Structure formats: C-alpha cells, structure tokens
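In our numbering, the protein residues as written are 3 to 414.
C-beta: ideal position from N, C-alpha, C; glycine also.
In this text the structure is predicted, and so the values were computed from the model without any measurement.
Down below is the structure, laid out as structure tokens.
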C-alpha cells in the first residue's frame with residue numbers, strides 16, 4: 003500500500019515538473035516572438051536597416067535614384083498616405099529580406115520614358131525576398147509597377163498599380179512562386195507578365211492592358227513558361243490597339259486554371275482574342291465570361307498546333323461572332339455549355355464558329371485524315387459576318403465531293 007502511494011506521489015511530481023518546463027519553454031518562445039518594435043519617423047529617403055522597426059513617413063519625399071531600401075527582416079514602411087517621388091526605384095528590398103511590409107504609400111516615377119536598365123523605373127522591386135506584404139499602395143511607374151524576381155510567398159492586397167511607359171508592365175514576376183494578388187487594380191501597356199513562375203494566385207483583381215504604343219503588347223495576362231498558376235474572379239482586359247489579347251499562354255505554360263473570370267479581348271484595328279495558347283498543355287478555362295471584338299475577326303480562343311489537353315468548359319460568350327480554333331494534334335476539348343463538340347481530335351483538330359445571338363453553332367473537324375465534319379443549321383446573316391460559316395459549308399461540300407471521287411476511282 004505504501005509502495006503504491008509513493009509511486010503515485012512520484013508520478014504527480016513528474017507531471018508537475020513537465021508542465022512547469024513546458025510553460026517556461028512557451029514563455030521563452032512568446033518572448034522571442036514579441037521582440038520589441040521600434041518606431042522611427044522619416045522626413046527623407048534612405049536605408050531602412052533596423053529590424054523590428056516601423057518606419058513612418060512624416061511628409062512627401064523625393065529622390066533622383068532609389069528612395070527607400072529595406073535591408074533587414076521585420077521592417078514596416080508606413081507612408082501614411084504621403085507621396086514618394088523616385089527616379090529609378092521607389093522601394094526595394096535587398097536579398098533574403100523577409101517579413102517586411104510596405105503600406106499606405108503613393109509611389110510616383112519622376113521620369114516619363116523608357117528606362118534602359120530592367121529594374122529601373124520600378125515602383126517596388128523585390129529580389130529574393132519572401133513573406134513581404136504590400137498593402138494599400140498606389141504605384142505610377144514608367145517601366146515596372148511591381149517587379150518580383152526569385153521571390154516567394156509574398157502578398158499584394160488593395161493596391162493600384164499603373165505603368166505608363168512604352169515598354170512598361172504593371173506587374174512583372176520572374177522565377178518566383180506562391181505569390182498572392184488580391185483586390186488590386188493593375189493597368190498599363192501590358193497587364194500581368196509571368197516568366198518561369200509557378201503556383202501564383204490572382205483573386206478578384208482588375209487587370210487591364212491598353213497596348214497603345216506598347217513594344218510589344220502582351221495582353222491582360224501573359225504567361226511564359228509558367229505553370230500551376232490560378233486566376234479566379236478577375237476582370238482581365240486586353241484592349242490593345244494593335245491586337246487585343248485577354249490571356250496568352252506561351253512556351254510551355256501548363257496546368258494553369260482560369261475560373262470565373264471576365265476575359266476581354268478587343269481591338270479597333272485587327273483581331274480580338276479572348277485566349278491565345280502556344281505550345282502549352284493541360285490548361286483549364288471554366289465558367290469564364292469571354293468578351294471579344296475586332297475589326298477583322300474576334301476569337302474566343304486560339305490554340306496552336308503544339309498544344310494539347312487544353313479544356314474550355316461552361317464559358318459564356320457575348321460577341322455576336324466568336325471563332326474558336328484548335329489545330330494539329332489537339333487532344334484538347336472545347337465545350338459549349340457542358341457537351342464537348344470534339345473529344346478525339348487528331349491531325350487537324352477542330353474549328354468552331356459560334357453565333358450566340360442565334361443560338362447556332364457550326365463545328366467542323368477532321369480526324370486521322372478522314373473527313374468528320376458536323377454542321378448545324380445557321381440562319382444567314384448579312385455582311386461579312388457569315389463569311390466563315392459559308393466558307394466552312396462550301397469546304398465541306400468540296401471535301402465530300404473529292405472523297406466520293408477517290409472512292410469511285412478505287413472501285414473502278
């Protein structure tokens with residue numbers, strides 16, 4: 003009996019000791035997390051190099067070169083609504099900076115023309131940084147509004163990012179991943195450009211490109227060798243005066259998802275394109291509203307010969323004439339409502355002409371070198387609007403006639 007009581011007593015002492023040690027460790031961790039935060043007022047541009055410090059701007063400032071440089075972790079720059087006028091870069095973070103915040107700033111480029119050095123003319127320049135937040139910032143830049151390179155896990159919320167230069171891009175992301183853009187207005191010669199960047203997300207942004215004078219215009223969203231990115235609930239506009247492109251996927255941009263966006267491709271001079279896909283695979287466009295118009299043609303989607311398994315499903319179209327085309331080697335699917343018009347395209351692929359006003363569709367495809375062409379009744383329309391449907395119908399008759407001739411020749 004005494005032995006049992008002693009064992010119970012020892013066990014209670016051991017448990018109390020463990021709880022005490024755990025509490026002490028927790029207190030130490032909390033103390034480490036709650037490092038003292040200092041506040042420093044700023045009246046001029048300069049280096050921000052004190053960790054765990056909030057720098058707040060007391061007045062408008064200006065610099066002919068770089069205005070602010072953040073060089074350590076856990077630094078906040080709060081401009082408190084003041085204007086930062088800069089020559090080359092408004093705010094930049096040095097390599098390996100983490101957990102910094104840039105907020106409530108108005109960044110304005112002093113210069114108004116193209117900068118020959120890539121990172122010059124940038125509102126915010128993030129190089130090899132992570133967990134950096136940009137909140138409630140207005141950027142008016144010549145070259146890049148926000149330039150992100152070799153960086154990850156950054157957040158951009160409630161900003162207005164404008165690039166006005168003739169080669170400007172409001173948002174340029176290069177070799178970066180897991181960046182999040184929410185509730186931003188992004189506008190300029192081009193919209194958002196991703197190069198070799200994966201797993202980035204854009205939610206509820208307005209992204210507009212007006213390529214007047216742009217060299218070259220990239221469209222609302224342009225992805226180059228970038229995969230597994232998500233665009234949801236955005237308004238994406240390609241309003242280039244040269245060629246209106248809503249979304250362009252190029253050079254191995256795969257497994258990207260565009261869902262519930264409004265995608266606009268308009269051009270007053272040539273063709274308007276909602277979506278263009280070059281040499282890219284396994285991308286999905288679902289439940290989007292696609293608006294296209296052009297002086298010559300208006301394309302819902304153009305997918306080139308080296309692209310496969312791209313799926314368009316349950317998208318709506320607002321133009322009276324929308325052309326969609328998938329060429330050689332397409333195992334991709336274009337669907338209207340929920341029923342695919344072509345699931346097994348090979349060799350030549352599928353060409354689709356859609357007339358939402360009349361509720362009519364002409365779809366044609368050639369599979370494995372054999373004619374397999376489907377035609378639906380179309381009420382003729384005046385003018386050039388019926389040029390492509392008539393061409394498709396005539397082409398069908400010619401091909402049928404040639405096939406019959408070949409069969410007859412073989413029979414004889």
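Using a Cβ-Cβ cut-off of 6 angstroms (strictly less than) and excluding sequence neighbours within five positions of residue 152, which residues of its own chain qualify?
Residue 152 sits at position 150 when you count from the first residue of the chain shown. If we look at residue 152 and ignore the five residues flanking it on each side, its Cβ neighbours are 130 and 177.
Contact defined as beta carbons within less than 8 angstroms: I believe residue 125 pairs with residue 92. What is the distance between those atoms, to the nearest angstrom?
Residue mapping note: residue 125 aligns to position 123 of the chain shown, counting from 1. Residue mapping note: residue 92 aligns to position 90 of the chain shown, counting from 1. Indeed, because the Cβ distance is near 5 angstroms, the residues count as touching under 8 angstroms.
So, with DSSP's three-state summary, where would you put residue 411?
As a working note, residue 411 is residue 409 in the chain shown. Helix at residue 411.
With a Cβ-Cβ cutoff of 9 angstroms, do residue 180 and residue 154 count as a contact?
Stepping through the chain shown from its first residue, residue 180 is reached at position 178. Stepping through the chain shown from its first residue, residue 154 is reached at position 152. Cβ atoms of residue 180 and residue 154: closer than 9 angstroms.
Straight-line Cα distance separating residue 172 from residue 148
The residue given as residue 148 occupies position 146 in the chain shown. The residue given as residue 172 occupies position 170 in the chain shown. Going from the Cα of residue 148 to the Cα of residue 172 covers about 6 angstroms.
Thinking C-alpha only, which one of 286, 293 and 289 is nearest residue 275?
By 1-based counting over the chain shown, the position of residue 275 is 273. Nearest Cα to residue 275 within the set 286, 293 and 289: 293.
Inter-residue spacing [alpha-carbon to alpha-carbon] between residue 248 and residue 150
As a first step, residue 248 must be located in the chain shown, where it is residue number 246. As a first step, residue 150 must be located in the chain shown, where it is residue number 148. The C-alpha of residue 248 lies about 22 angstroms from the C-alpha of residue 150.
Distance between residue 52 and residue 71 (C-alpha atoms, nearest Å):
One-based indexing of the chain shown puts residue 71 at position 69. One-based indexing of the chain shown puts residue 52 at position 50. Rounded to the nearest angstrom, the two C-alpha atoms are 11 angstroms apart.
Should residue 411 be labelled buried (16 or more other beta-carbon atoms within 10 Å of its own) or exposed?
Within the chain shown, residue 411 is the residue found at index 409, counting from 1. The residue is exposed, with fewer than 16 neighbouring Cβ atoms inside 10 Å.
I want to check one thing, is the minimum distance from the CB of residue 72 to the heavy atoms of the ligand MG below 8 angstroms?
Absent from the structure shown: the ligand MG. Ligands present: none.
Between the C-alpha atoms of residue 158 and residue 207, what's the straight-line distance to the nearest angstrom?
By 1-based counting over the chain shown, the position of residue 158 is 156. By 1-based counting over the chain shown, the position of residue 207 is 205. CA-to-CA, the gap between residue 158 and residue 207 works out to about 11 angstroms.
Rounded C-alpha distance that separates residue 252 from residue 175
Here residue 252 is taken as the residue at index 250 of the chain shown, counted from 1. Here residue 175 is taken as the residue at index 173 of the chain shown, counted from 1. Approximately 15 angstroms between the Cα atoms of the pair.
Just the Cα atoms here: how many angstroms apart are residue 61 and residue 309?
In the chain shown, counting from the first residue as 1, residue 61 sits at position 59. In the chain shown, counting from the first residue as 1, residue 309 sits at position 307. Going from the Cα of residue 61 to the Cα of residue 309 covers about 53 angstroms.
According to DSSP, which residues form a beta bridge with residue 85?
Counting from one through the chain shown, the residue named residue 85 turns up at place 83. Answer is 108.
I want to see whether chain C comes within less than 9 angstroms of residue 83, judged by CB atoms only; does it?
Absent from the structure is chain C; it holds one protein chain and no more.
Quick check on residue 102: buried or exposed, where buried means 16 or more other Cβ atoms within 10 Å of its Cβ?
By 1-based counting over the chain shown, the position of residue 102 is 100. Looking at its Cβ environment, which holds 16 or more other Cβ atoms inside 10 Å, residue 102 is buried.
Burial state of residue 82 (16 or more Cβ within 10 Å):
In the chain shown, the residue the question calls residue 82 occupies position 80. Exposed is the call here.
Secondary structure of residue 232, DSSP reduced to three states
On the chain shown, residue 232 is found 230 positions in, with the first residue counted as 1. It is a strand residue.
At which residue ranges does the region 260 to 308 contain complete beta strand (DSSP E) runs of 3 or more residues, listed in the order of the chain?
Counting whole runs of 3 or more residues, the region 260 to 308 contains the beta strand (DSSP E) stretches 264 to 269, 274 to 279, 286 to 288, 291 to 296 and 300 to 305.
Classify residue 303: buried if its beta carbon has 16 or more other beta carbons within 10 angstroms, exposed otherwise.
By 1-based counting over the chain shown, the position of residue 303 is 301. The residue is buried, with at least 16 neighbouring Cβ atoms inside 10 Å.
Cutoff 6 angstroms; reference residue 106; Cβ partners in own chain excluding five residues on either side
One-based indexing of the chain shown puts residue 106 at position 104. Correct list, in chain order: 80, 81, 82, 83 and 138.
Return the chain-ordered list of same chain residues with a C-beta closer than 7 angstroms to the C-beta of residue 113, the five sequence neighbours on each side being excluded.
Looking up residue 113 in the chain shown gives position 111. Here the set comprises 89, 123 and 144.
Which runs of the beta strand (DSSP E) at least 3 residues long sit entirely within the region 123 to 166? Give them in chain order.
Those beta strand (DSSP E) runs which fall completely within the region 123 to 166 and span 3+ residues are 124 to 129, 135 to 137, 140 to 143, 146 to 151, 157 to 159 and 162 to 165.
Flag this pair as yes or no: are the beta carbons of residue 99 and residue 73 separated by less than 9 angstroms?
One-based indexing of the chain shown puts residue 99 at position 97. One-based indexing of the chain shown puts residue 73 at position 71. Yes. Within cutoff.
Identity of the residues DSSP links to residue 96 by a beta bridge:
By 1-based counting over the chain shown, the position of residue 96 is 94. Bridge partners of residue 96: none, in fact.
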